[in-house]
Structures are given as C-alpha cells and as structure tokens.
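Those protein sequences? They're chains A and B, same order as listed. The C-terminal residue of the first sequence carries number 225 in this note's numbering, and the numbering is unbroken. The C-terminal residue of the second sequence carries number 1225 in this note's numbering, and the numbering is unbroken. All C-beta atoms, glycine included, are put in the ideal place defined by N, C-alpha and C. To keep things clear, I will list the structure first and then write my remarks on it.
Protein chains: 2
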Amino acid sequence: MLNSSEKVNLSHIVSERIKAYILEKDMREGDKLPSEKQLIDALGVSRTVVREALKSMEMLGIVKIKTGDGIYVGGPSLKPILEQVSFRWQQDERKMTELVKTRRILELGAVEMAIEHYDVAFLDQMDEWNRRMAEKVDRGLPPIEEDLAFHETLFRATGNETYLELSGLISDFFLKIRTLHFDSVESSRKSVDEHQNVTDAIRAKDVARAKREMEIHLAPLQKFI
Amino acid sequence: MLNSSEKVNLSHIVSERIKAYILEKDMREGDKLPSEKQLIDALGVSRTVVREALKSMEMLGIVKIKTGDGIYVGGPSLKPILEQVSFRWQQDERKMTELVKTRRILELGAVEMAIEHYDVAFLDQMDEWNRRMAEKVDRGLPPIEEDLAFHETLFRATGNETYLELSGLISDFFLKIRTLHFDSVESSRKSVDEHQNVTDAIRAKDVARAKREMEIHLAPLQKFI
DNA sequence: TTTATTTAGTGGTCTGACCATTGGTATAGC
DNA sequence: GCTATACCAATGGTCAGACCACTAAATAAA
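As structure tokens, this is what we get:
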C-alpha cells in the first residue's frame, strides 16, 4: 500500500529506461537512438510496448520519430506543456483579463532582455516587419501577421528560447482573437508608430523609455476588456 | 511550405479528434470517455492507432487510463508533464540560464501584480510560510517546501490564475534543483530575511522597493549558473 | 442486509503480417 | 571519372486477431 502509487505499465517502464539511456549516454538533440527492433531485443518486450512508449515520448518532445529513418533525441522544450495548457484555456475564454495582464509583463520583460542581449539583426528585422505592416495598412488590409511577427521577433531578440516559447503561447492566443475583431485603420497606423518608438528606444538601449513606449502600445488592450 | 512541417500520423489525427471531442462535449476532469472499442468503431482505425494516441495523451495528462475500467478526462495539473520533460534540462546550461532569467521576469511581474491586486490575506499567508521556513532552518532542515510555498503564494496573490499556472512551471523546476544541492543554513537564513523584505514592501505598496528586494533575493541564482 | 462469487467489459501485451517512406548503394549513361 | 537513375534493405506506420489482467457491477450465498 505504500508503494502502490507506482502504476507499472510496461510502456511506462520502457520510456523510463529510454530516458535513462539518453542521460547515461549523454545524448544531445539530433543524436540517433537505437531502432525499434533493437529496443525490442534489448528490452525484451513486444513492439507494441516500445512503440507506445516512443509515441508518448514523441508527444512530449523527448524524441523525434522519422519514418523510414530512425528515432532521434529531441530538444529541451516547453512546447508540450504549453500545448496542454492552451488546450485547457480553450475551455473557458473568460481568462482574457488575466491573459492581457500576463502579456504585459512578458512584453515588458522582453524589452528588457532584448536590450540586454542586443543583436542589431533582430532590430532590423523588427523594422522590416513594421515596414510591411505600414504597407498593408496603407492598402487597407488588416496587418495581423505582421503585427504578430513584430512581437515575435522582439521575443526572439531576447535570445531566450524558453521565454520565446512561453510568450508564443500568449501571442498565439491574441492572434486568434484579433482575427475576429480587427482594429480600425487609424489604430493600426498608431500601432505602427508605437512599434517604431519601441524599436528606437531598444536601439538606443534606453530600458526605461522602451518600457514606457511598450506600455503605451499595450494600454489600449487593457481597456479593451 | 506551411503544411510541409505537419507530419500526419494517424495517431496524431486521432488524438486531435479526441481532444476536439472533449472540447465539443465540454467534458471536465473525471468525465468518462468512450472505450477503446467505441473509439475504434467511431474513428474507423485500428486499435494500435487509438492506443498510441491515448497513451500519448495520457503522458500529457489530458486523459487518464484506468485498467479494466475506462478512459477519463485528466486534470489540469502540469507537474507530471514537467517531470517527464525536464529530466534533461539540468544538463543543458543554456536552458538553465534561460530559466533563471525567465523566472526573474515572472517574479518581478508577480510583485507588481500582487501590489495592484492587493489582498492582505495572501500577504499574511506569505508571512506564515516564511515563519515556518525560519523554523525549519533553525532545526537545521532544508526549507524547500516552505520556500516554494512562499513564492507560489506570491503568484497566487496576483489574483491571476493564468500567471500562476505559467509561473508554477518555472518554480517547480527550481524546486527540484534545490532538492539536490540545497543551500547552506546561512544562505537559507538570508532568504528568510529577503522574503520578509519583499513582503513588507508589497504591504507598503511600494512597487519599486518590492522589485528591488526581489532582485536582491534572486541575484544569487544568476551567479549560480 | 451483508458478504462472497461470478461475469461482462475494459485496458495490457503479444505476435505476425503487410504497407510506406527513407537513405544509401549499385548500376547505367555520359 | 562523374552524375543521374533505379533499386534495395532498413525503418517506422498500420492492421488484425488472440490471449491475459484488472475492475466494477450484477448475481448468488450467508
């Protein structure tokens, strides 16, 4: 009764063994694992069990299965967790307020980290997206992809993949919303200017100003709720 | 171009269908899903596919499979998933650095939101955890749970469940690390004082000071990497 | 009513077969 | 000798059917 908490599925055991194998051999992303056949022979279980274990691990991003080729070690990623989180969020979209506030923190943090990391290439890319955004606005089209791309590039500019993943979740959610009730031409034009201000401030490595500009940019969202 | 990245495994499709089914029927934790047999008939695929899909979803915590009973909708707990995914992170220095920096942003954001939300009950609770933490330190024990509880309560104090969920991921990870190489008695005692300073500043609704104190508290982590 | 037993249904594992995709190799053509 | 093509062996994807193990609920026994 003490140890009863351990449910012993064979596939569970197998996946643990494979994880241990990865650690033991100190394998990195992209390294090739033994084939299904080899795992079957080595672990002495049926193909069913091995496959279920691998499929589960693939869903978690621990391994990556390539048809006709083999099984490879996956990269460290929050993605599977976030997928699960977003799946839950769809059940009640009343979390809007919370998401808006969370986004604010993340965007402001991104500004700070982007300045710390500082890679001009990303800033140029942000400018480019903003240019395309302005172009689309001029043609009277909703610049949804460009807007999203601008912010995503900002998160990339942090040089922090974990942060990018975390933030990507939030951004995706906002994209879906904005697809429904998109902004007017005037507000879009204002967004372009605000983007420019943020980028400029980051370029000048002025953390306080960059944050201020980002606050201004996000302010309308707070009231939108 | 866009769709080429989408590898269409049958089991992947099936898991999507099942997730859609859960959303569609607005099922909650503990609700019973159709049996394997029913899913096989309804989706027109082999048992292998259904089982692999379910096994993957179980690993993600979306469903819970009970032998001899049936399949149930899982709860929103992310811990088990984190357990599965993060086993390799400690090896990855880059990932560690990213996590530390991400945590910093989240904690500082929490301070800000906690002051905005301001509920004394949470502050009292934080004091209580800190008191217990001090107690444990005095007895020479590592105050791991108490430390985590303090920070979790801070996240709760934001009144933002989404933020709590997101942050919980990061915090839990740090807990596991600290379980291995826990801090010395002196540094633990210092942590208690720092916690107190943070709480006091929040109580005084002094955002700047609260952030500053939190920065001080987290600073050692940055160098730890 | 309470307890023990049976039973039908469910998930767990195994086997063996065949298909689809991939990467490398052998071959044909230049 | 080099390149392009065809081929092949290995690997993962899917399927079908069988049998085992477990659970909960119906049934029988106390």
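* To do: Flag this pair as touching only if the region 1050-1065 of chain B and the region 56-70 of chain A have three or more C-beta atom pairs under 8 Å; answer yes or no.
  => yes
* Hey, leucine 231/A and leucine 82/A: beta-carbon distance below 7 Å or not? -> What the structure shows of chain A is the stretch from 1 to 225, and residue 231/A is not part of that stretch, so it cannot be assessed.
* Asked: For histidine 1151/B, which residues from the same chain have a beta carbon less than 6 Å from its beta carbon, with the 5 sequence-adjacent residues on both sides left out?
  -> Ser1171
* **Cutoff 8 Å; reference asparagine 1160/B; Cβ partners in own chain excluding five residues on either side** => Met1113 and His1117
* Asked: Considering only residues of the region 1010-1046 of chain B, which uninterrupted beta strand (DSSP E) runs meet the minimum length of 3 residues and lie entirely inside it, listed in chain order?
  -> none
* Closer than 9 Å by beta-carbon distance: list the chain A residues that pair up with proline 1076/B, in chain order. => Gln84, Val85 and Arg88
* Asked: tyrosine 1163/B touches chain A at which residues, Cβ-Cβ below 8 Å?
  -> Glu98, Lys101, Thr102 and Ile105
* Asked: Which whole-angstrom value describes the C-beta separation of methionine 133/A and aspartate 124/A, a residue pair presumed to lie in contact below a C-beta threshold of 8 Å?
  -> The beta carbons of methionine 133/A and aspartate 124/A sit about 15 Å from each other, so the pair does not count as a contact at 8 Å.
* Give the secondary structure of glycine 1109/B by DSSP, where H, G and I count as helix, E and B as strand, and everything else as coil. => helix
* **Member of Lys19/A, His195/A, Val45/A and Val100/A whose CA lies at the smallest distance from the CA of leucine 221/A** => Nearest C-alpha to leucine 221/A: Val100/A.
* Coil, strand or helix - isoleucine 62/A by DSSP -> coil
* Asked: Within 10 angstroms of its Cβ, does lysine 1037/B collect 16 or more other Cβ (buried), or is it exposed?
  -> exposed
* To do: Please decide whether asparagine 1160/B counts as near chain A, where near means a Cβ-Cβ distance under 7 Å.
  => yes
* Using the Cα positions of lysine 32/A and tyrosine 72/A, report the straight-line distance between them to the nearest angstrom. => In this structure, the CA atom of lysine 32/A is about 4 Å from the CA atom of tyrosine 72/A.
* **Within the region 1059-1101 of chain B, ranges of the beta strand (DSSP E) (whole runs, at least 3 residues)** => 1063-1066 and 1070-1073
* Asked: Using the C-alpha atoms, what's the distance from glycine 75/A back to aspartate 1206/B?
  -> 41 Å
* **Of the residues Ile202/A, Glu52/A, Thr158/A and Leu141/A, the one placed nearest valine 185/A, counting alpha carbons only** => Leu141/A
* To do: State the CB to CB distance for the pair methionine 214/A and valine 198/A, rounded to an integer number of angstroms; the pair is presumed to be in contact (CB under 8 Å).
  => 5 Å
* Which bits of chain B does serine 56/A rub up against, with CB to CB less than 7 Å? -> Lys1055, Ser1056 and Met1059
* serine 1011/B versus Met1126/B, Gly1044/B, Lys1025/B and Glu1029/B, residue with shortest Cα-Cα distance -> It is Gly1044/B whose Cα lies nearest to the Cα of serine 1011/B.
* Looking at the C-beta of glutamate 29/A, does it have a partner C-beta in chain B at a distance below 7 Å? -> Not a single CB atom of chain B sits nearer than 7 Å to the CB of glutamate 29/A.
* Nearest residue (CA-CA) to arginine 189/A, options Arg212/A, Lys136/A, Lys211/A and Ala110/A -> Lys136/A
* To do: Show which residues of chain B have a CB atom less than 7 Å away from the CB atom of glutamate 52/A.
  => Going along chain B in sequence order, the residues near glutamate 52/A (Cβ under 7 Å) are Arg1051, Glu1052 and Lys1055.
* proline 1142/B - DSSP class collapsed to helix/strand/coil -> coil
* Closer than 8 Å by beta-carbon distance: list the chain B residues that pair up with methionine 113/A, in chain order. => Lys1101 and Ile1105
* Asked: Can you give the beta carbon distance from isoleucine 115/A to alanine 210/A, rounded, assuming they're within the 8 Å contact cut?
  -> Between isoleucine 115/A and alanine 210/A the beta-carbon gap is near 6 Å, inside 8 Å, which marks them as a contact.
* Identify whether asparagine 160/A lies in helix, strand or coil by the three-state DSSP scheme. => For asparagine 160/A, the three-state secondary structure derived from DSSP is coil.
* Pick out whichever of Glu1194/B, Leu1108/B, Val1050/B and Ser1187/B has its Cα sitting closest to the Cα of tyrosine 1163/B. => Leu1108/B
* Would you say valine 81/A reaches chain B, if we count a Cβ-Cβ gap shorter than 7 Å as a contact? -> Checking the sequence shown, residue 81/A turns out to be isoleucine, not valine. Yes, isoleucine 81/A lies at the interface with chain B (some Cβ there is under 7 Å from its Cβ).
* For lysine 55/A, does the three-state DSSP call read helix, strand or coil? -> Three-state DSSP puts lysine 55/A in a helix.
* Please list, in chain order, all residues of the same chain as lysine 1025/B whose beta carbon is under 6 Å from its beta carbon, the five residues on each side excluded. => none
* heavy atom of the ligand SAM below 6 Å from arginine 203/A C-beta -> Of the ligands one can find in the structure shown there are none, so the ligand SAM has no counterpart to examine.
* To do: Answer with buried or exposed for glycine 1070/B, where buried requires no fewer than 16 other C-beta atoms within 10 angstroms of its C-beta.
  => exposed
* Asked: Is any beta-carbon of chain A found at less than 7 Å from that of glycine 1068/B?
  -> no
* Asked: Are the CB atoms of valine 1227/B and isoleucine 1062/B nearer to each other than 7 Å?
  -> Chain B is shown from 1001 up to 1225; residue 1227/B falls before or after that span and cannot be answered.
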